[in-house]
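**Student:**
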Amino acid sequence: MNTNIKSQPTIFVIFGGTGDLNARKLAPALYNLYLEGWLPEQFALIGTGRTKLSDDDFRERMLKDINEFSRSGEAKEDKWQGFVPNVYYQAADVQNADTYQEFANRIKQLEEEWKTEANVIYYLAVAPNFFPVIAENLSKAGLTTDVERTRIVIEKPFGHDLESAKELNKLLGCIFQEKQIYRIDHYLGKETVQNIMAFRFANAIMEPLWNRNNIEHVQISVTEQLGVGERTGYYDGSGALRDMIQNHLLQLLCIVAMEPPVNFTAEEVRDRKVDVLRAMRRFTPDSVRDSAVRGQYGPGWIEGEKVPGYREEPGANPESNTETFAAVKFFVDNWRWQGVPFYLRTGKRLHRSASIITIQFKDVPHSIFPPEMADTMRKNRLVISIQPEMSIRLQVQAKRPGVDMVLNTVDMVFDYKGTYVAQAPEAYETLLLDVMLGDQTLFMRADQVEEAWDLVMPILNAWQNRASQNFPNYSADSWGPEVAEALVAKDGFHWFTIPLSSKK
Ligand SMILES: NC(=O)C1=CN([C@@H]2O[C@H](COP(=O)(O)OP(=O)(O)OC[C@H]3O[C@@H](n4cnc5c(N)ncnc54)[C@H](OP(=O)(O)O)[C@@H]3O)[C@@H](O)[C@H]2O)C=CC1
Ligand SMILES: O=C1O[C@H](COP(=O)(O)O)[C@@H](O)[C@H](O)[C@H]1O
Numbered sequence: 102m103n104t105n106i107k108s109q110p111t112i113f114v115i116f117g118g119t120g121d122l123n124a125r126k127l128a129p130a131l132y133n134l135y136l137e138g139w140l141p142e143q144f145a146l147i148g149t150g151r152t153k154l155s156d157d158d159f160r161e162r163m164l165k166d167i168n169e170f171s172r173s174g175e176a177k178e179d180k181w182q183g184f185v186p187n188v189y190y191q192a193a194d195v196q197n198a199d200t201y202q203e204f205a206n207r208i209k210q211l212e213e214e215w216k217t218e219a220n221v222i223y224y225l226a227v228a229p230n231f232f233p234v235i236a237e238n239l240s241k242a243g244l245t246t247d248v249e250r251t252r253i254v255i256e257k258p259f260g261h262d263l264e265s266a267k268e269l270n271k272l273l274g275c276i277f278q279e280k281q282i283y284r285i286d287h288y289l290g291k292e293t294v295q296n297i298m299a300f301r302f303a304n305a306i307m308e309p310l311w312n313r314n315n316i317e318h319v320q321i322s323v324t325e326q327l328g329v330g331e332r333t334g335y336y337d338g339s340g341a342l343r344d345m346i347q348n349h350l351l352q353l354l355c356i357v358a359m360e361p362p363v364n365f366t367a368e369e370v371r372d373r374k375v376d377v378l379r380a381m382r383r384f385t386p387d388s389v390r391d392s393a394v395r396g397q398y399g400p401g402w403i404e405g406e407k408v409p410g411y412r413e414e415p416g417a418n419p420e421s422n423t424e425t426f427a428a429v430k431f432f433v434d435n436w437r438w439q440g441v442p443f444y445l446r447t448g449k450r451l452h453r454s455a456s457i458i459t460i461q462f463k464d465v466p467h468s469i470f471p472p473e474m475a476d477t478m479r480k481n482r483l484v485i486s487i488q489p490e491m492s493i494r495l496q497v498q499a500k501r502p503g504v505d506m507v508l509n510t511v512d513m514v515f516d517y518k519g520t521y522v523a524q525a526p527e528a529y530e531t532l533l534l535d536v537m538l539g540d541q542t543l544f545m546r547a548d549q550v551e552e553a554w555d556l557v558m559p560i561l562n563a564w565q566n567r568a569s570q571n572f573p574n575y576s577a578d579s580w581g582p583e584v585a586e587a588l589v590a591k592d593g594f595h596w597f598t599i600p601l602s603s604k605k
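The numbering used here applies: residue 102 is where the sequence shown begins, and numbers increase by one.
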């Protein structure tokens, strides 16, 4: 891997250049990389979609999107003028094999201008049913033959179930080598998620504690205040388990549970993560009933505003049984984690948006302090807050100041805001740069995707077989259905939250 990005001529072809993902995430991310000096000296972005646009039309749209969605705010005229000559547009229907010759011509033209060969990255920001046809048409047009210089980025969802994920892997594998395939899971690009590996493996004090001897249970909770809104077309065929748990939350679990890699290389890190998925206890129809619960939001009030239930969202099926909330208890059957439950939950239209990992440690073996000496008494917890607060808190017992001996629970806090001045990059900035650098550490490998699907399939199957649900079973602005509380309560726990300064 060449880490000097400046000297790597790169052409980004974005299929779905006129779509929402490009507008909100990809275009702002590439622009911010430019602002921070992380783009190659010779760089071009070719947007594509069916819409007929000139280069200038597309540039205008992109400026509008950047002004609206970039974390760096509105583009400054001089900076924009520096970036915009690198932006082009090519109208094309991805299903028409003939149009791919036009990409080949544009690429050739740029390489001739630059007097050098370029790395070419095909980013598939289109609906998943187009992934196979684009890969095949790129191949037919002879655009995939340079294994060292050609990469393909596949957006989520990667398959709808195990079988379709395997099919897609197989098809991609016939055209590309694994080292050319970048399967996006944007959670892996988040600053705070990457920091979990730094926290675990760059500090000596954590590793001796990080196992079943000291840890009682782990919670991974990704709650969202937003509803499904305009996305019912996609979401109704997906649901919370496919949309969030199969990918993002299980990846978080892997990072928490993985063994220390030998080094920080893509294969080593991904090997250790897939080991976790392989070690995870498989579900039976009975264990699904005990371990997995779901919900769907009904209407409610959020900050004084009435919001519709899922079944009343635009375009929704008024009898839909799709889950907008899921909570699952997992086990990792290996020496480190035997008997330690990992509770994962996610849902939409919940009381607050917060992504938090909580590691609850076991109680002290013997307390020398009687209960009356404690104002508050809790087991130690390590709380890794991914967003919107970016922090790590270690909750410990301490003596409250005073002449008497009274204990309470205090937080030892590392928070990004107080520690660093610079704004953290968006996940897509990190991930797009890594694609350009050829670093696959933060991308999903074929076997990881398949193991994760294999793990959740019994839940999906059981839920499909028991389709009729008493939905909605939680109201907007709540913390989800009662069954989710019951899932942890029967093991003597409750779901943790942290007091947050901001809401989304
Ligand atoms: N939007 C988001 O926040 C996220 C999206 N994703 C994934 O990204 C992908 C794109 O999503 P999103 O941007 O929201 O989708 P949109 O519906 O907003 O955009 C779809 C894009 O595909 C293009 N397109 C559709 N049909 C064709 C065709 N036959 N030939 C050429 N281009 C075509 C459209 O261009 P035109 O209309 O000009 O033809 C448009 O640019 C999906 O896989 C989605 O799951 C993943 C995470 C988040
Ligand atoms: O992939 C997805 O993620 C978002 C949540 O991402 P975040 O970065 O805002 O936490 C989720 O809303 C969406 O349904 C899902 O497809």
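Every residue, glycine too, gets a C-beta built ideally from N, C-alpha and C.
Assuming residue 538 and residue 383 form a contact by the criterion Cβ under 8 Å, report the distance between their Cβ atoms to the nearest whole angstrom.
**Tutor:** Not a contact, Cβ separation roughly 36 Å.
**Student:** Under a three-way DSSP split, which group does residue 318 fall into?
**Tutor:** DSSP places residue 318 in strand when its eight states are reduced to three.
**Student:** Throw me the rounded Cβ distance for the residue 276 and residue 236 pair, which I believe falls under 8 Å.
**Tutor:** Their Cβ separation, rounded to whole angstroms, is 5 Å, which keeps residue 276 and residue 236 in contact under 8 Å.
**Student:** Please determine if the region 153-168 and the region 199-219 are in contact, where contact requires at least 3 C-beta pairs separated by less than 8 Å.
**Tutor:** Touching, no, given that fewer than three Cβ pairs across the two stretches are closer than 8 Å.
**Student:** Quick check: the Cα distance between residue 289 and residue 355, rounded to an integer number of angstroms?
**Tutor:** The straight-line gap from Cα to Cα measures roughly 11 Å.
**Student:** So, does the region 142-150 touch the region 107-123, judging by three or more C-beta pairs under 8 Å?
**Tutor:** Segments in contact, yes.
**Student:** Do residue 136 and residue 173 have their beta-carbon atoms positioned less than 8 Å apart in this structure?
**Tutor:** Yes.
**Student:** Taking the runs of the alpha helix (DSSP H) that are 4 residues or longer, which of them lie wholly in the region 355-418?
**Tutor:** 367-380 and 386-392, all fully within the region 355-418.
**Student:** Could you tell me the distance, in whole angstroms, from the CA atom of residue 496 to the CA atom of residue 486?
**Tutor:** Using only the alpha carbons, I get a separation of about 13 Å.
**Student:** Is there at least one non-hydrogen atom of ligand 2 closer than 7 Å to the beta-carbon of residue 337?
**Tutor:** Not under cutoff, so the answer is no.
**Student:** Is it buried or exposed, residue 504, if we count other Cβ atoms within 10 angstroms and call 16 or more buried?
**Tutor:** So residue 504 counts as exposed.
**Student:** Distance check for residue 514 and residue 603, CA to CA, integer angstroms please.
**Tutor:** Bear in mind that a pLDDT of 41 at residue 603, under 50, signals an unreliable position, so the model cannot answer this.
**Student:** Alpha carbons only, please: which of 239, 490, 322 and 561 is nearest the one belonging to residue 196?
**Tutor:** Nearest of 239, 490, 322 and 561 to residue 196, Cα basis: 239.
**Student:** For the alpha helix (DSSP H) that contains residue 207, what are its first and last residues?
**Tutor:** From DSSP, the alpha helix (DSSP H) with residue 207 extends over 201-215.
**Student:** DSSP three-state call for residue 549: helix, strand or coil?
**Tutor:** Residue state, collapsed to three classes: helix.
**Student:** What separation, rounded to the nearest whole angstrom, lies between the Cα atoms of residue 255 and residue 542?
**Tutor:** Approximately 15 Å between the Cα atoms of the pair.
**Student:** Quick check: the Cα distance between residue 347 and residue 516, rounded to an integer number of angstroms?
**Tutor:** In a straight line, the C-alpha of residue 347 is about 29 Å away from that of residue 516.
**Student:** How about residue 552 and residue 343: are their beta carbons less than 8 Å apart?
**Tutor:** Going by C-beta atoms, residue 552 is not nearer than 8 Å to residue 343.
**Student:** Straight-line CA distance for residue 512 to residue 481?
**Tutor:** Residue 512 and residue 481: Cα-Cα distance of roughly 10 Å.
**Student:** Please state the DSSP three-state secondary structure of residue 516.
**Tutor:** It is a strand residue.
**Student:** If contacts are defined as beta-carbon pairs under 8 Å, then residue 448 and residue 426 qualify, I think. What distance do you get, rounded to the angstrom?
**Tutor:** Right, their Cβ atoms sit about 3 Å apart.
**Student:** Once you ignore the five residues that flank residue 217 on each side, which residues in its own chain have a CB closer than 8 Å to its CB?
**Tutor:** The answer, listed in chain order, is 110 and 143.
**Student:** Between the Cα of residue 326 and the Cα atoms of 587, 577 and 583, which residue gives the shortest distance?
**Tutor:** Selected option, being the one with the closest Cα: 577.
**Student:** Assign residue 472 to buried or exposed, taking buried as 16 or more other Cβ atoms, counted over all protein chains shown, within 10 Å of its Cβ.
**Tutor:** Looking at its Cβ environment, which holds fewer than 16 other Cβ atoms inside 10 Å, residue 472 is exposed.
**Student:** Could you check the C-alpha separation between residue 293 and residue 263 for me, to the nearest Å?
**Tutor:** Residue 293 and residue 263: Cα-Cα distance of roughly 29 Å.
**Student:** Among 139, 364 and 138, whose alpha-carbon lies nearest the alpha-carbon of residue 303?
**Tutor:** Closest option to residue 303, Cα to Cα, is 364.
**Student:** Do you know offhand how far residue 131's Cα is from residue 509's?
**Tutor:** When rounded, the distance between both Cα atoms is 47 Å.
**Student:** Between residue 388 and ligand 2, is there a pair consisting of the residue's CB and a ligand heavy atom that are separated by less than 7 Å?
**Tutor:** Flag unset: Cβ of residue 388 not near ligand 2.
**Student:** I want to check one thing, is the minimum distance from the CB of residue 527 to the heavy atoms of ligand 2 below 7 Å?
**Tutor:** Residue 527: no, Cβ never under 7 Å from ligand 2.
**Student:** State the DSSP-derived secondary structure class of residue 343, mapped to helix, strand or coil.
**Tutor:** Helix, per DSSP.
**Student:** Is residue 488 near ligand 2, judged by its Cβ being under 7 Å from some heavy atom?
**Tutor:** Checking every heavy atom of ligand 2 against the Cβ of residue 488, one is found closer than 7 Å.
**Student:** Name the DSSP bridge partner or partners of residue 431?
**Tutor:** In DSSP, residue 431 forms a bridge with 443.
**Student:** Do residue 120 and residue 198 come within 8 Å of each other at the CB atom, strictly closer than that value?
**Tutor:** No, they are not a contact pair.
**Student:** Tell me, to the nearest whole angstrom, how far the beta carbon of residue 128 is from that of residue 166; I am working on the premise that it is less than 8 Å.
**Tutor:** Their Cβ separation, rounded to whole angstroms, is 5 Å, which keeps residue 128 and residue 166 in contact under 8 Å.
**Student:** List the endpoints of the continuous beta strand (DSSP E) containing residue 113.
**Tutor:** First-last of the beta strand (DSSP E) with residue 113: 111-116.
**Student:** Taking the beta strand (DSSP E) that residue 284 belongs to, which residues open and close that run?
**Tutor:** First-last of the beta strand (DSSP E) with residue 284: 282-284.
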